[in-house]
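Residue numbers (UniProt numbering), protein chains in the order written: chain A, 1 to 413; chain B, 1 to 413.
Even glycine gets a Cβ: it sits at the ideal position worked out from N, Cα and C.
Shown next, in structure tokens, is the structure this report addresses.
Number of protein chains: 2
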Amino acid sequence: MKKNVLIIGAGGVAQVVAHKCAQHNDILGNIALASRTLEKCEAIAASVAEKGSMKVAGQICCFALDALDVEATASLIRETQSQIVINVGSAFVNMSVLSACIKTGAAYLDTAIHEDPAKICETPPWYGNYEWKRKQECENNKTTAILGIGFDPGVVNAYAALARDEYFDAIDSIDIIDINAGSHGKYFATNFDPEINFREFTGRVWSWQNRQWTQNRMFEIKRTDSLPVVGEQTSYMTGHDEIHSLSKNLDVPNIRFWMGFGEHYINVFTVLNNLGLLSEQPVKTAEGQEVVPLKVVKAVLPDPSSLAPNYTGKTCIGDLVKGQKDGKEREVFIYNVADHKEAYNEVGSQGISYTAGVPPVAAALLVAQGIWDVEKMVNVEELPPKPFLNLLNQMGLPTCIRDEAGERPLNFS
Amino acid sequence: MKKNVLIIGAGGVAQVVAHKCAQHNDILGNIALASRTLEKCEAIAASVAEKGSMKVAGQICCFALDALDVEATASLIRETQSQIVINVGSAFVNMSVLSACIKTGAAYLDTAIHEDPAKICETPPWYGNYEWKRKQECENNKTTAILGIGFDPGVVNAYAALARDEYFDAIDSIDIIDINAGSHGKYFATNFDPEINFREFTGRVWSWQNRQWTQNRMFEIKRTDSLPVVGEQTSYMTGHDEIHSLSKNLDVPNIRFWMGFGEHYINVFTVLNNLGLLSEQPVKTAEGQEVVPLKVVKAVLPDPSSLAPNYTGKTCIGDLVKGQKDGKEREVFIYNVADHKEAYNEVGSQGISYTAGVPPVAAALLVAQGIWDVEKMVNVEELPPKPFLNLLNQMGLPTCIRDEAGERPLNFS
Numbered sequence: 001m002k003k004n005v006l007i008i009g010a011g012g013v014a015q016v017v018a019h020k021c022a023q024h025n026d027i028l029g030n031i032a033l034a035s036r037t038l039e040k041c042e043a044i045a046a047s048v049a050e051k052g053s054m055k056v057a058g059q060i061c062c063f064a065l066d067a068l069d070v071e072a073t074a075s076l077i078r079e080t081q082s083q084i085v086i087n088v089g090s091a092f093v094n095m096s097v098l099s100a101c102i103k104t105g106a107a108y109l110d111t112a113i114h115e116d117p118a119k120i121c122e123t124p125p126w127y128g129n130y131e132w133k134r135k136q137e138c139e140n141n142k143t144t145a146i147l148g149i150g151f152d153p154g155v156v157n158a159y160a161a162l163a164r165d166e167y168f169d170a171i172d173s174i175d176i177i178d179i180n181a182g183s184h185g186k187y188f189a190t191n192f193d194p195e196i197n198f199r200e201f202t203g204r205v206w207s208w209q210n211r212q213w214t215q216n217r218m219f220e221i222k223r224t225d226s227l228p229v230v231g232e233q234t235s236y237m238t239g240h241d242e243i244h245s246l247s248k249n250l251d252v253p254n255i256r257f258w259m260g261f262g263e264h265y266i267n268v269f270t271v272l273n274n275l276g277l278l279s280e281q282p283v284k285t286a287e288g289q290e291v292v293p294l295k296v297v298k299a300v301l302p303d304p305s306s307l308a309p310n311y312t313g314k315t316c317i318g319d320l321v322k323g324q325k326d327g328k329e330r331e332v333f334i335y336n337v338a339d340h341k342e343a344y345n346e347v348g349s350q351g352i353s354y355t356a357g358v359p360p361v362a363a364a365l366l367v368a369q370g371i372w373d374v375e376k377m378v379n380v381e382e383l384p385p386k387p388f389l390n391l392l393n394q395m396g397l398p399t400c401i402r403d404e405a406g407e408r409p410l411n412f413s
Numbered sequence: 001m002k003k004n005v006l007i008i009g010a011g012g013v014a015q016v017v018a019h020k021c022a023q024h025n026d027i028l029g030n031i032a033l034a035s036r037t038l039e040k041c042e043a044i045a046a047s048v049a050e051k052g053s054m055k056v057a058g059q060i061c062c063f064a065l066d067a068l069d070v071e072a073t074a075s076l077i078r079e080t081q082s083q084i085v086i087n088v089g090s091a092f093v094n095m096s097v098l099s100a101c102i103k104t105g106a107a108y109l110d111t112a113i114h115e116d117p118a119k120i121c122e123t124p125p126w127y128g129n130y131e132w133k134r135k136q137e138c139e140n141n142k143t144t145a146i147l148g149i150g151f152d153p154g155v156v157n158a159y160a161a162l163a164r165d166e167y168f169d170a171i172d173s174i175d176i177i178d179i180n181a182g183s184h185g186k187y188f189a190t191n192f193d194p195e196i197n198f199r200e201f202t203g204r205v206w207s208w209q210n211r212q213w214t215q216n217r218m219f220e221i222k223r224t225d226s227l228p229v230v231g232e233q234t235s236y237m238t239g240h241d242e243i244h245s246l247s248k249n250l251d252v253p254n255i256r257f258w259m260g261f262g263e264h265y266i267n268v269f270t271v272l273n274n275l276g277l278l279s280e281q282p283v284k285t286a287e288g289q290e291v292v293p294l295k296v297v298k299a300v301l302p303d304p305s306s307l308a309p310n311y312t313g314k315t316c317i318g319d320l321v322k323g324q325k326d327g328k329e330r331e332v333f334i335y336n337v338a339d340h341k342e343a344y345n346e347v348g349s350q351g352i353s354y355t356a357g358v359p360p361v362a363a364a365l366l367v368a369q370g371i372w373d374v375e376k377m378v379n380v381e382e383l384p385p386k387p388f389l390n391l392l393n394q395m396g397l398p399t400c401i402r403d404e405a406g407e408r409p410l411n412f413s
């Protein structure tokens, strides 16, 4: 039984995590918020207070923290007596926060793979470059580390495990499809940190096909699907974290990730990318100033958290799984539909942040209750999916399925 | 009789100016090259030597200069005994270089209007904001200052004066049309300093219509013309320097400027502009660095002078003039066609730089010979056009006309 949660990061996802922790503080205990910018933490704490999100009377405290500083992070974990750390800060701090958790015995949860700011799209499997190198250390220290427990990666990994356990004897392919059919009303914006968002698309696209790593260019391969609620949608093969663990942990020859993009997004992205404005390598201006173009693009784009109040429409994210069951071919789509406006009304964030922020809190509850407190490093598909998906059904991210029998909610209680 | 030329600036236009001065150094005397970056001057001097451009044995010397420093500029004028200064540096240095000329008695020639780096698209007439405020001072000191003596402004102003003198009793409209039908083979590039290039299009578009200043947005109004050599071309109403003097000096109710843009250029421009990346106002990155987005865009774009070797195709720039002559309506198009490859072969620059760089050298020759040494500040339409156009016929920028009698070269000798 673990309790008291330290949330690292203070962006849109952290806002959702804080609200959801507050809604379950009878189990999770005290909440600490830490980021480089104290004011951002305080704004989140104020939002939690304003919406009355606390289930029972409890603490929510804010701290300024450089999460690249392992000692400072470990001290804060000890000072706040946090036994669970939810890291939703920049993807650059994962390894230092993990180190602090190993030092202190706190459980570690994150929602995206570690990145080196100087590198784009490293060699697959990506988890092998940083996270998995520390598996033994976690096991030796009985540190629970759950990697990539957002929506994608995260919930879609649990969908894959569920498909394997319940719906198939053998799986030929898993196509994870991520569609945001919402509208933010701006000329152009990214739904989360532009620096991380664009980095997903500027490198090579890795997919797992015929049990091999395959390379493509971004926007080279697309598909069109008729999906529940959001209708006909075009998506493009994209590199994504979950392929890099599912390909190792599941016996599935084809695992691909597809992200929906409108033509306008692709046009803006293509212009910026072709001009070199999405580069993480510094350039020198005529005046001699060294500047990273991507950081300037980030500076001129709308802050993703500012999009929430006017965001309308829905997201649909799920796993399209094909294979055999009882000697017959079958195809199932396991998915969630979330609504931007409902997310904003509940926790003050848009739907993309909501789908990423609710799952780590569900995971924290399972760690707190001992169900997922596995005392080692795991990816989500290595954990029992049903208790997790069951909790999400109650917490605002219901799971549905479309198969031979049509579309319906899935319930596991 | 004036001699010895100081060229300020070391970009693509300065390269053309240096070569053309060298080709006429029997009249123009010694050549001095000055810019912030000495190496750029030296590269131009080396190119002049390599191509053997000097007509007679003579000096070409290079100097590092901050042309915003009036005293340093005046000292260099005295030190080099330059009686003619051709300012083809940044548009931000015009007023300081003019001051140095007034101090030293050197003739001043430039090719673009003065700009304040912090302002975009000021109140018309633009010359009234800076240049014309110093008319009296020039007259008092007998300083010859010829403003805007590139191609446009410059040659097109002479075309307008010629139309007024030779082809019309009354003019209803002058539409200056600038088409670059060449291809540089890059994804995207500007033909001269991107900082100045984009500034032309990010503000309001001023035109002179029905004897009044009229405002439009960029890319709001377009026209399509069938032009000599380059064929059918679409151009967009654009704000431009020459409208601001022609509207004062000519009795013409409608004066407009049209620049040709392809759809790709407009798309890239629109994306960058809508995102705020063409702003001259600094933004702050997440790391706290203050950066002017436009300077970063400039840093990632190809250096305009690097385009020359692979540039192919032609430019067509001219004045479409409508009015009455001897009681009859008529329409004439006075124009030049230049070839990018020929320009590169002759002086190592592309056609846009060539059309901008040859005219100030023709003007310098007219100043040297006393024909245009007017000892006051003038715009080009205030000077006799024929000696100038005649020189350009010999120097690589022949004037043609299309009227009721068809297309043909114009000769004034």
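Just checking: is the beta-carbon of A:A64 within a distance shorter than 8 Å of some beta-carbon in chain B? For this step, residue 64 of chain A is matched to residue 64 along the first sequence. No, A:A64 lies away from the interface with chain B (no Cβ there is under 8 Å from its Cβ).
For A:L307, would you say it is in contact with chain B, using Cβ-to-Cβ distances shorter than 8 Å as the test? Start at 1 with the first residue of the first sequence, and residue 307 of chain A comes out as number 307. By this cut-off, A:L307 is not an interface position.
In chain B, which residues lie with their C-beta within 8 Å of the C-beta of A:A91? Your numbering for residue 91 of chain A matches position 91 in the first sequence. Near A:A91 there are no residues of chain B at all, since even the closest Cβ is about 14 Å away, more than 8 Å.
Mind pulling the chain A residues with CB within less than 9 Å of B:T285? In the second sequence, residue 285 of chain B corresponds to position 285, counting from 1. Neighbours of B:T285 on chain A, chain order: V291, V292, K295, V296, K298 and A299.
Same chain only: Cβ atoms within 8 Å of B:K325, ignoring 5 sequence neighbours per side: Reading the second sequence from its first residue, position 325 is the one you call residue 325 of chain B. Contacts found: Y167, F168 and D169.
I want to see whether chain B comes within less than 8 Å of A:N267, judged by CB atoms only; does it? Counting from one through the first sequence, the residue named residue 267 of chain A turns up at place 267. At least one chain B Cβ lies under 8 Å of A:N267.
Give the secondary structure of B:Q15 by DSSP, where H, G and I count as helix, E and B as strand, and everything else as coil. Within the second sequence, numbered from 1, the residue matching residue 15 of chain B stands at position 15. Three-state result, B:Q15: helix.
Taking Cβ-Cβ distances below 7 Å as the criterion, which residues of the segment 184-214 of chain B are in contact with chain A? Y187 and F188
With 8 Å set as the bound, which would you pick, yes or no: does the beta-carbon of B:L38 sit closer than that to a beta-carbon of chain A? Sequence index remark: in the second sequence, residue 38 of chain B carries index 38 (1-based). No, B:L38 lies away from the interface with chain A (no Cβ there is under 8 Å from its Cβ).
How big is the Cα-Cα spacing for B:C62 and B:C41? Residue numbering aside, residue 62 of chain B sits at position 62 when the second sequence is read from its first letter. Residue numbering aside, residue 41 of chain B sits at position 41 when the second sequence is read from its first letter. For B:C62 and B:C41, the distance between alpha carbons rounds to 6 Å.
B:G276 CB to nearest chain A CB: under 8 Å? Locating residue 276 of chain B in the second sequence gives position 276, counting from the first residue. Yes, its Cβ sits closer than 8 Å to a Cβ of chain A.
What is the DSSP secondary structure of residue 417 of chain A, reduced to helix, strand or coil? Outside the displayed span of chain A (1 to 413) sits residue 417 of chain A, for which this structure offers no information.
Who pairs with B:S226 in a beta bridge, going by DSSP? Reading the second sequence from its first residue, position 226 is the one you call residue 226 of chain B. Answer is B:E232.
List the DSSP bridge partners of A:Q212. For the purposes of this step, residue 212 of chain A is identified with residue 212 of the first sequence, where counting begins at 1. DSSP lists A:Q209 as partners of A:Q212.
Straight-line CA distance for B:V97 to A:V291? The residue you call residue 97 of chain B lines up with position 97 of the second sequence. The residue you call residue 291 of chain A lines up with position 291 of the first sequence. Their Cα atoms are separated by approximately 31 Å.
According to DSSP, is A:W372 helix, strand or coil? For the purposes of this step, residue 372 of chain A is taken as the residue at position 372 of the first sequence. Residue state, collapsed to three classes: coil.
For A:I44, I'd like the list of residues in its chain whose CB is within less than 7 Å of its CB, leaving aside the five on either flank, ordered along the chain. Residue mapping note: residue 44 of chain A aligns to position 44 of the first sequence, counting from 1. These residues qualify, in order along the chain: A10, A14, Q15, A18 and L33.
Quick one, are the C-beta atoms of B:I27 and B:A368 less than 8 Å apart? Taking the second sequence and counting its residues from 1, the one referred to as residue 27 of chain B is at position 27. Taking the second sequence and counting its residues from 1, the one referred to as residue 368 of chain B is at position 368. Against a cut-off of 8 Å, the Cβ pair of B:A368 and B:I27 comes out as a contact.
Option in B:D225, B:Y159 and B:T111 with minimal Cα separation from B:V321: Position 321 of the second sequence, counted from the start, is the residue given in the question as residue 321 of chain B. Of the candidates B:D225, B:Y159 and B:T111, B:Y159 places its Cα closest to the Cα of B:V321.
When the distance is taken between beta carbons, is B:I113 closer than 8 Å to B:D193? As a first step, residue 193 of chain B must be located in the second sequence, where it is residue number 193. As a first step, residue 113 of chain B must be located in the second sequence, where it is residue number 113. No. Outside cutoff.
With burial defined as no fewer than 16 other Cβ atoms inside 10 Å of the residue's Cβ, what is the status of A:P117: buried or exposed? The sequence position of residue 117 of chain A within the first sequence is 117, counting from 1. For A:P117, the number of other beta carbons within 10 angstroms of its own is below 16, and it is reported as exposed.
Closer than 7 Å by C-beta to B:D251: which residues in its own chain qualify, once you throw out the five before and the five after it? Chain order, please. The sequence position of residue 251 of chain B within the second sequence is 251, counting from 1. Nothing meets the Cβ criterion.
Report yes or no: do three or more beta-carbon pairs, one from the segment 373-387 of chain A and one from the segment 325-342 of chain A, lie closer than 8 Å? no
Proximity test, Cβ basis, 8 Å: A:V13 and chain B: On the first sequence, position 13 is the one that residue 13 of chain A refers to. Chain B, which has no Cβ nearer than 8 Å to the Cβ of A:V13, makes this no.
Are B:W258 and B:I177 touching if we call contact CB-CB under 8 Å? By one-based count along the second sequence, residue 258 of chain B stands at place 258. By one-based count along the second sequence, residue 177 of chain B stands at place 177. Yes, they are a contact pair.
Work out the CA separation of B:I243 and B:R402 for me, nearest whole Å. Here the question's residue 402 of chain B lines up with position 402 in the second sequence. Here the question's residue 243 of chain B lines up with position 243 in the second sequence. Distance between the alpha carbons of B:R402 and B:I243 is about 22 Å.
Span of the beta strand (DSSP E) holding A:E331? Counting from one through the first sequence, the residue named residue 331 of chain A turns up at place 331. Per DSSP, A:E331 belongs to the beta strand (DSSP E) from K328 to D339.
Can A:N254 and A:S173 be called in contact, C-beta distance under 8 Å? What you label residue 254 of chain A is simply residue 254 of the first sequence in a count that begins at 1. What you label residue 173 of chain A is simply residue 173 of the first sequence in a count that begins at 1. Yes, these two residues count as a Cβ contact at 8 Å.
Secondary structure, beta strand (DSSP E): runs of 3+ residues fully inside the segment 3-79 of chain A: 5-8, 31-35 and 60-64
Quick one: any contact between the segment 306-319 of chain A and the segment 278-286 of chain A, if contact means 3 or more CB pairs under 8 Å? no
Alpha-carbon spacing of B:L109 relative to B:N411, whole angstroms: Locating residue 109 of chain B in the second sequence gives position 109, counting from the first residue. Locating residue 411 of chain B in the second sequence gives position 411, counting from the first residue. Roughly 25 Å separates the two Cα atoms.
Could you tell me the distance, in whole angstroms, from the CA atom of B:L175 to the CA atom of B:W206? On the second sequence, residue 175 of chain B is found 175 positions in, with the first residue counted as 1. On the second sequence, residue 206 of chain B is found 206 positions in, with the first residue counted as 1. According to the sequence shown, residue 175 of chain B is Asp rather than Leu. Roughly 13 Å separates the two Cα atoms.
Answer yes or no: does any C-beta atom of chain A fall closer than 8 Å to that of B:V271? Residue mapping note: residue 271 of chain B aligns to position 271 of the second sequence, counting from 1. Closer than 8 Å to some Cβ of chain A, the Cβ of B:V271 qualifies, so yes.
Let me check understanding here. Comparing Cα to Cα, which of B:L246, B:I179, B:W208 and B:S245 lies closest to B:S226? Locating residue 226 of chain B in the second sequence gives position 226, counting from the first residue. When each option's Cα is compared against that of B:S226, the closest is B:I179.
Going residue by residue through the segment 263-350 of chain A, where are the continuous alpha helix (DSSP H) segments of at least 4 residues, counting only ones entirely within it? 263-275, 293-300 and 340-347
Looking only at C-alpha atoms, which of A:A356, A:Q212 and A:N157 sits nearest to A:P384? For this step, residue 384 of chain A is matched to residue 384 along the first sequence. Minimum Cα distance to A:P384 is reached at A:N157.
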